[in-house]
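For what it's worth, our numbering labels the leading residue of the sequence shown as 106, then goes sequentially.
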Amino acid sequence: MAHVGDLVAEMLARYGVEQVFGQPGGQTAALYDGIAKRSPRIRHMLVRDERSAAYAADAYARLTGKPGVCDVTVGPGTTKLTDGFVESLNASVPVIAIVGELPSDWEPLRDKGVASQGFDQISFLKSITKATWTASSQRALPQLIRSAFRTATSGRPGPVAIVVPHNVMDAEWDGDETVLEIDDRYTRAPAHRPVASSDTIEEAVNLLDRVQRPVIVAGGGVLGSRATDELTRLAESIDAVVVTSFTGKGSVAETGAHFGGVLNPLAGPAANRIVKRADVVFWCASKVSQNTSVNWTLPAAEQATIHLDVDPAEPGRTFRPTVALNGDAKGTLAALLERIEPRERPDWLDEVASIKEEEAAPRREEEASDSVPLAPQRVMRELNARLDANDVVISDASFSAGWISAYLTAKEAGRNWIFARGQGGLGYSVPAALGAAAVRPENRVVTISGDGGFYYAIGELATQAQNGLRVINVVLNNGTLGWLQMWEEIFYDGLRQSVDLETKDSRPNFAATGTAMGCTGIRVESPEELGEALDRAFAAEGPVVLEVRIDPRATPLHSFRRRLVEGEEGKTFDRPGTAYELRPWSRSAEASALEQEGVVAE
Ligand SMILES: Cc1ncc(C[n+]2csc(CCOP(=O)(O)OP(=O)(O)O)c2C)c(N)n1
Numbered sequence: 106m107a108h109v110g111d112l113v114a115e116m117l118a119r120y121g122v123e124q125v126f127g128q129p130g131g132q133t134a135a136l137y138d139g140i141a142k143r144s145p146r147i148r149h150m151l152v153r154d155e156r157s158a159a160y161a162a163d164a165y166a167r168l169t170g171k172p173g174v175c176d177v178t179v180g181p182g183t184t185k186l187t188d189g190f191v192e193s194l195n196a197s198v199p200v201i202a203i204v205g206e207l208p209s210d211w212e213p214l215r216d217k218g219v220a221s222q223g224f225d226q227i228s229f230l231k232s233i234t235k236a237t238w239t240a241s242s243q244r245a246l247p248q249l250i251r252s253a254f255r256t257a258t259s260g261r262p263g264p265v266a267i268v269v270p271h272n273v274m275d276a277e278w279d280g281d282e283t284v285l286e287i288d289d290r291y292t293r294a295p296a297h298r299p300v301a302s303s304d305t306i307e308e309a310v311n312l313l314d315r316v317q318r319p320v321i322v323a324g325g326g327v328l329g330s331r332a333t334d335e336l337t338r339l340a341e342s343i344d345a346v347v348v349t350s351f352t353g354k355g356s357v358a359e360t361g362a363h364f365g366g367v368l369n370p371l372a373g374p375a376a377n378r379i380v381k382r383a384d385v386v387f388w389c390a391s392k393v394s395q396n397t398s399v400n401w402t403l404p405a406a407e408q409a410t411i412h413l414d415v416d417p418a419e420p421g422r423t424f425r426p427t428v429a430l431n432g433d434a435k436g437t438l439a440a441l442l443e444r445i446e447p448r449e450r451p452d453w454l455d456e457v458a459s460i461k462e463e464e465a466a467p468r469r470e471e472e473a474s475d476s477v478p479l480a481p482q483r484v485m486r487e488l489n490a491r492l493d494a495n496d497v498v499i500s501d502a503s504f505s506a507g508w509i510s511a512y513l514t515a516k517e518a519g520r521n522w523i524f525a526r527g528q529g530g531l532g533y534s535v536p537a538a539l540g541a542a543a544v545r546p547e548n549r550v551v552t553i554s555g556d557g558g559f560y561y562a563i564g565e566l567a568t569q570a571q572n573g574l575r576v577i578n579v580v581l582n583n584g585t586l587g588w589l590q591m592w593e594e595i596f597y598d599g600l601r602q603s604v605d606l607e608t609k610d611s612r613p614n615f616a617a618t619g620t621a622m623g624c625t626g627i628r629v630e631s632p633e634e635l636g637e638a639l640d641r642a643f644a645a646e647g648p649v650v651l652e653v654r655i656d657p658r659a660t661p662l663h664s665f666r667r668r669l670v671e672g673e674e675g676k677t678f679d680r681p682g683t684a685y686e687l688r689p690w691s692r693s694a695e696a697s698a699l700e701q702e703g704v705v706a707e
């Protein structure tokens with residue numbers, strides 16, 4: 106007998122979904138039956154925590170542009186969607202959740218879990234999704250599935266949820282094929298490519314033509330829109346320099362003269378210096394977040410600006426752009442390219458090259474460090490040498506994001522880098538690797554996290570092993586919550602409260618944990634062991650946990666570095682109180698030193 110679980114699975118498969126992530130409950134078992142009957146056309150991956158299902162779906166979507174699909178059971182399954190869904194919502198990633206629910210007519214019993222696991226799921230989900238619907242009947246469901254794909258992939262993409270009551274999911278379906286029709290315009294984001302109006306494009310062309318030192322800040326929307334070719338061509342044709350946000354990393358190849366670095370306080374000063382020198386800053390598919398704008402000290406008051414975004418509500422949020430381009434990045438950049446005259450700016454490229462070199466010189470020394478415990482910069486250098494252009498690197502929160510962005514190179518443009526900056530939550534990388542490996546089996550997927558971040562999802566190592574995924578999980582183990590340890594030390598007079606993750610007698614061994622979970626476990630304590638360890642990791646067929654003991658005083662955050670060194674000379678520092686002040690919309694060029702250095706609470 107066919108049932109509604111078949112209907113849902115069949116529609117998902119017709120929309121091109123080949124992988125669903127989740128954990129079953131009685132209310133969703135029919136969906137599992139539907140998927141099982143259709144495997145391998147559509148497959149299911151069992152995660153150890155529904156939070157991981159949402160993260161895996163998010164990573165799947167970032168790499169493919171297709172909505173990542175996950176399923177959760179009613180109540181405790183639903184609440185665990187939160188971390189991933191807020192990440193997807195804030196980062197504009199298309200994700201769809203099929204959510205279990207109690208039977209429709211149990212409404213009065215839902216309160217306070219009187220009927221087991223019940224609560225007001227709709228109100229809850231509405232706050233973490235772009236849209237949430239309940240399928241009140243079998244007949245409503247196909248149209249809701251079409252709405253889910255349409256909403257997730259159009260305009261500013263985002264996560265959506267369809268709540269399916271138990272009686273609807275289990276109901277018999279007569280197999281009527283006519284209800285299954287999909288809308289194939291919405292299988293992938295961006296579903297629409299609106300181009301900015303001709304007069305605003307003209308204004309942007311005129312402005313770019315008048316300036317000497319153009320910089321483009323590429324945000325995550327460049328990759329989301331698959332606009333890397335257009336962006337590269339524009340930069341090369343007018344000698345503009347591209348810097349990227351974390352989520353924009355990979356928007357251009359990072360090997361050429363037109364790349365200026367990653368713009369984030371964690372990623373080193375080069376990009377910040379370059380942006381400050383620009384006479385026009387073109388924010389391209391970037392929401393100009395706190396980190397990318399270095400506490401909104403960028404752009405400076407005297408700089409001309411262009412802001413391109415598919416969401417018309419975005420330009421103008423933190424500064425009034427000289428030109429606002431409301432459109433899709435790929436389409437609008439292509440339109441700009443058609444009108445703009447090629448232009449050489451050799452002086453500007455020379456200046457940028459010398460800024461880059463000044464900042465790179467001390468880094469090369471750090472990368473060659475032989476210190477024990479290891480310098481993370483050394484780990485990154487050896488990893489960089491082994492990464493192929495299309496391998497996927499997934500960052501956890503905290504210092505890993507800085508080490509990756511500043512020391513690993515995007516050898517080609519493309520969607521190969523994942524930074525979960527919608528929330529900056531610890532524990533993203535290991536579960537996200539499930540989604541990445543599912544769609545990129547031919548590539549190596551590398552996660553990089555601190556020990557604090559790694560703890561969050563150790564259970565998913567078993568998922569990686571069970572599915573034979575080619576993931577290398579690098580754990581930069583400094584024995585402490587590095588960022589918070591330094592924050593406490595600097596701003597609270599040497600405080601060291603609840604930041605250490607080990608004691609002399611209790612030292613967790615992550616490599617051994619990996620082995621116990623069915624991965625290859627490798628532990629590195631000295632630089633001599635590193636090369637061989639990485640070779641082993643890259644040669645392994647299944648998942649690897651590569652634990653490296655790193656220097657607990659290492660930080661990519663320059664403001665911390667300076668303060669830690671100066672602090673040793675007996676200076677004390679104020680808490681970053683000034684950074685709490687909301688910056689005025691019509692910016693002044695004045696900002697506190699702390700803000701300009703990018704001291705950010707993470
Ligand atoms: C889920 C979550 N909880 C807390 C934080 C605040 N936080 C930011 S960085 C950090 C320390 C992370 O430690 P670890 O993963 O070991 O990396 P390290 O700082 O040592 O590089 C914490 C607790 C966060 N970003 N996310």
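No residue lacks a Cβ here, since even glycine has one placed at the ideal position from N, Cα and C.
From the options, residue whose alpha carbon lies closest to that of residue i
| i | options | result |
| --- | --- | --- |
| Ala-562 | Leu-168, Asp-176, Glu-155 and Gly-373 | Glu-155 |
| Ala-94 | Asp-416, Ala-362, Arg-215 and Glu-456 | No information on residue 94 is available, as it lies outside the stretch 106 to 707 that the chain covers here. |
| Glu-646 | Gly-636, Thr-625, Ala-638 and Glu-634 | Thr-625 |
| Ser-356 | Ala-141, Leu-168 and Thr-620 | Leu-168 |
| Glu-443 | Glu-307, Ala-659 and Thr-292 | Glu-307 |
| Leu-635 | Leu-488, Gln-569, Phe-665 and Met-622 | Leu-488 |
| His-363 | Gly-373, Ala-375, Val-348 and Asn-377 | Val-348 |
| Gly-599 | Asp-605, Asp-334 and Met-591 | Met-591 |
| Gln-701 | Thr-402, Gly-324 and Arg-575 | Thr-402 |
| Ile-411 | Val-322, Met-116, Leu-651 and Leu-246 | Val-322 |
| Pro-129 | His-149, Pro-374 and Thr-660 | His-149 |
| Ala-409 | Arg-667, Arg-422, Ser-350 and Trp-388 | Trp-388 |
| Gly-139 | Met-116, Glu-192 and Ala-161 | Met-116 |
Three-way DSSP call (helix, strand, coil) for residue i in this model
| i | result |
| --- | --- |
| Phe-254 | helix |
| Gly-675 | Low local confidence applies: a pLDDT of 46 at Gly-675 is under 50, so the model's placement there is unreliable, with the coordinate-based value given in what follows. Of the three classes helix, strand and coil, the one that applies to Gly-675 here is coil, per DSSP. |
| His-271 | helix |
| Ala-220 | coil |
| Gly-366 | strand |
| Glu-593 | helix |
| Ser-228 | helix |
| Glu-277 | strand |
| Ala-184 | In the sequence as displayed, the identity of residue 184 is Thr instead of Ala. In this structure, Thr-184 counts as helix in the three-state DSSP scheme. |
| Glu-565 | helix |
| Arg-654 | strand |
| Met-116 | helix |
Heavy atom of ligand 1 within 8 Å of residue i beta-carbon
| i | result |
| --- | --- |
| Phe-559 | yes |
| Phe-126 | no |
| Asp-344 | no |
| Phe-504 | yes |
| Gly-373 | no |
| Gly-432 | no |
| Glu-594 | no |
| Gly-540 | no |
| Asn-583 | yes |
| Ser-554 | yes |
| Trp-588 | yes |
| Leu-606 | yes |
Distance CB(residue i)-CB(residue j) smaller than 9 Å
| i | j | result |
| --- | --- | --- |
| Gly-540 | Gln-226 | no |
| Val-177 | Ala-158 | yes |
| Ala-170 | Pro-295 | The question names Ala, but residue 170 in the sequence shown is Gly. The answer is yes: Cβ separation under 9 Å. |
| Pro-478 | Asn-548 | no |
| Ile-267 | Ile-343 | no |
| Val-152 | Gln-222 | no |
| Pro-370 | Val-629 | no |
| Arg-526 | Ser-394 | yes |
| Val-498 | Asn-521 | yes |
| Pro-299 | Gly-436 | yes |
Any C-beta of chain B under 9 Å from that of residue i
| i | result |
| --- | --- |
| Arg-255 | Note that chain B does not occur in the displayed structure, where there is just one protein chain. |
* Counting pairs of beta carbons, one from the region 268-279 and one from the region 205-213, are three or more of them closer than 8 Å? -> Contact holds: three or more Cβ-Cβ distances are below 8 Å.
* **Cβ contact check for the region 549-560 and the region 501-516: 3 or more pairs under 8 Å** => Enough Cβ pairs lie closer than 8 Å, so yes.
* Asked: Does the pairing of the region 242-256 with the region 188-198 give three or more beta-carbon distances under 8 Å?
  -> No, the region 242-256 is not in contact with the region 188-198.
* **Sufficient close CB pairs (3 or more, under 8 Å) joining the region 510-518 to the region 129-139** => Touching, no.
* Are the region 444-464 and the region 514-523 touching by the rule of at least three beta carbon pairs closer than 8 Å? -> No contact exists between the region 444-464 and the region 514-523.
* With a cut-off of 8 Å, do at least 3 Cβ pairs link the region 616-624 to the region 329-339? -> By the criterion of at least three beta-carbon pairs nearer than 8 Å, the region 616-624 is not in contact with the region 329-339.
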